[in-house]
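For the sequence shown, position 511 (counting from the first letter as 1) is numbered 1039 according to the working numbering, and the numbering increases by one without interruption.
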Amino acid sequence: MIVPKPVHCQVLPGRFVLGPDTALAADPALRAAAAWLRSEIGPVTGGDLPPAAPGPGTITLALADLPPEAYRLTVGEDGVRIAAGGPAGAFYAAQTLRQLMPPAAFRKAGPGGELEIRAAHVEDEPRFGWRGCLLDVARHFMTKQDLLRFVDLMALHKLNVLHLHLTDDQGWRVEIRRHPRLTEVGAWRTQSQTGWNGPFDGRPHGGYYTQDDIREIVAYAGQRNITVVPEIDLPGHTQAAIAAYPELGNLDTPLEVRTGWGIGTNVLNAEESTIRFFEDVFDEVLELFPSPYVCVGGDECPKQQWRDSPAAQARIRELGLAGEEELQSWYIHRFDTYLSARGRRLVGWDEILEGGLAPGAVVASWRGDLGAVTAARNGHDVISTPNTSVYFDYRQGPGEDEPVPFGTVLTLEDVYAFEPIPAELRGEPAAERVLGSQCAVWTELIDSPRQVDYMAFPRLAAFAETVWSPADRDLPDFRRRLAAHLERLDAIGVEYRRESGPLPWQTRPGVPGRPETVDGWQSQLDAWTANLRR
């Protein structure tokens, strides 16, 4: 009943009894996985899994000649043996071991005592190296503790990349000491729109992470083998930054942090001083995030302000560019060069294909599969994240009582059917350019951790299987395993969407905002892909 499904699992006769006196033997290189097991299992049994030499009755973690994220787990009556290719493999084995325990093991509370673990042999490793989830904390801020809880939920599902969307028109969420107004002003908005097209709620909203907060989040995730990839949007999605520092924009009139949703028209100007400003920002971001990947957005950048701005037009002529599309490409190239010089790789949404792709850039393909196919065939690495398959702000059922009646219906079954490698690439050498995939929890209409739970789960469990497990899908088998997995989510307090639909507190009758239609979204996708082909 393991989620995501392992490569091989064989149930064996017998059980191992885990009790207060059970000891743990671990190779020094696997101490992080051992520490995690002690923190999770000790409170359940009342013991602390003291260190010991390998032997009968112990849990043993050992290094083996396996890929770094691979493991072999054997549970027998005489003990538990984990052989792992590295710290990540040992950690994933520990997660699997926990799933072999009864749901009570997930509560970490009680009088203590013995736990029976079914004997089994598991051989496992992931299909893809990039198994991610984007969490948008710019539109609705999530506290540090809630974010750490979400990291634990990702780890439970063997995901290994948290793409943290930190800045947008509606909020700036990371402290930059050289430019303090980014959080003094940019982290706060006066109100928020209700629904996609509804009235405003009149309630101020805001918050940000200090640099110490970020260090704690990154370290906490790292202990769970999750890399935190920061996203600092440019040149579009930047109204919060322009509100804090008006000289970054194209207008003479001051702006406020944006309160509505959708694509904003306010974008960065192309002055060299603005480039230097954001190099300051990235100087501090790179100190906080050791990730080899850094996302600069590059998406949904309207060009009208550049067309209307004499300064922008002069800059285009000075740089010898053909027009506004090439100006956006110039922006991305500048920061690709900046990041490459510091040993990092730029990630951008598939709009960065328009106007010429930066040489070392990684493309996050979200508008269907065309961006992924185009980038991979041109020798660029790809993260597959199509909105029609893995965007968890999309509603989960057709009923009007869905708490977030937005987007096309994206059911659990739809997510489970998702294939990260586009059909056009299968069988081609270019398919190897697909690093993996990530789902996305955009939060314009998700305003609390409870709503994040509802929108992300259990769809995130289905997504995890598409990026971890072998490509063959078996929906009835997944549903059987999911039924047991939901008991674990119940034990740790995840307020997921149930088959019967929303719970009473999760419905929002009377909230304005129209559900988007499938036809409407398809029309928009057709327009986007036509623009890409140009």
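Using N, Cα and C, we set each Cβ at its ideal position, and we do this for glycine too. The structure displayed is predicted, hence computed values, not measured ones.
In terms of CA proximity to Leu-594, Ile-610 leads the group Ile-610, Glu-1015, Gly-730. Within the stretch 951-991, the runs of beta strand (DSSP E) at least 3 residues long that lie entirely inside it are, in chain order, 962-969. Following the DSSP letters along the chain, one finds Gln-832 inside the alpha helix (DSSP H) bounded by residues 832-836. Note on Thr-902: 16 or more other CB atoms within 10 angstroms of its CB, so buried under the neighbour-count rule.
Straight across, the Cα-Cα distance linking Pro-957 with Ala-904 is about 9 Å. Between the stretch 665-685 and the stretch 645-657 there are fewer than three inter-stretch CB-CB distances shorter than 8 Å, so the stretches are not counted as touching.
For the set Arg-667, Pro-820, Val-539, Glu-853, the Cα lying nearest the Cα of Asp-864 is the one of Pro-820.
In this structure, the beta-carbon distance from Asp-811 to Gly-876 does not fall below 9 Å.
Contiguous beta strand (DSSP E) elements confined to the stretch 553-603 occur at 587-591, taking only those with 3 or more residues. Secondary structure note for Tyr-866: its alpha helix (DSSP H) is the uninterrupted segment 852-869. Beta-carbon to beta-carbon, Val-785 and Leu-692 are separated by about 19 Å, too far to satisfy the 8 Å threshold.
Cβ contact annotation for Ile-791 (same chain, cutoff 6 Å, sequence separation greater than five): Glu-828, in chain order. Note on His-536: under 16 other CB atoms within 10 angstroms of its CB, so exposed under the neighbour-count rule. Taking Gly-574 as the centre and dropping the five residues before and after it, the same chain places the C-beta of Pro-548, Pro-639, Gly-640, Gly-641 closer than 8 Å to its C-beta, in chain order. In the DSSP annotation of this structure, Thr-755 is not part of any alpha helix (DSSP H); the continuous beta strand (DSSP E) holding it starts and ends at 755-762. Pairing Leu-783 with Leu-776, the inter-Cα distance amounts to about 11 Å. DSSP, read as helix, strand or coil, puts Gly-734 in strand. For Gly-876, the three-state secondary structure derived from DSSP is strand. Between the alpha carbons of Asn-797 and Asp-942 lies a gap of roughly 41 Å. By the CB criterion at 9 Å, Val-910 and Gln-924 fall outside the cutoff. The three-state secondary structure of His-1013, taken from DSSP, is helix.
The beta-carbon distance between Val-822 and Pro-758, rounded to whole angstroms, is 6 Å. This is short enough to meet the 8 Å contact definition. According to the DSSP secondary-structure assignment, Gln-623 is paired through a beta bridge with no residue.
For Glu-744, the enclosing alpha helix (DSSP H) starts and ends at 739-751. Collapsing the DSSP output to three states places Arg-709 in a helix. By the CB criterion at 9 Å, Val-980 and Val-995 fall outside the cutoff. For Glu-812, there is no enclosing beta strand (DSSP E); the residue is part of the alpha helix (DSSP H) that begins and ends at 800-816. Note that the C-beta distance between Thr-916 and Gly-899 is not below 9 Å. Annotated three-state conformation of Gly-899 is helix, per DSSP. Sorting Leu-687, Gln-719, Pro-708, Arg-709 by C-alpha distance to the C-alpha of Gln-698 places Gln-719 at the top. DSSP places Ser-912 in no alpha helix (DSSP H) but in the uninterrupted beta strand (DSSP E) bounded by 910-912.
With a 10 Å radius around the Cβ and a threshold of 16 neighbouring Cβ atoms, Leu-684 comes out buried. Beyond the five residues adjoining it in sequence on each side, Asp-741 comes within less than 7 Å, by CB distance, of Lys-672 in the same chain, given in chain order. In the DSSP assignment, the residues bridged to Gln-538 are His-649. DSSP places Asp-729 in the coil class of the three-state scheme, outside both helix and strand. Of all alpha-carbon atoms in Val-702, Ala-989, Trp-658, Ala-842, the one lying nearest the alpha-carbon of Leu-690 is that of Trp-658.
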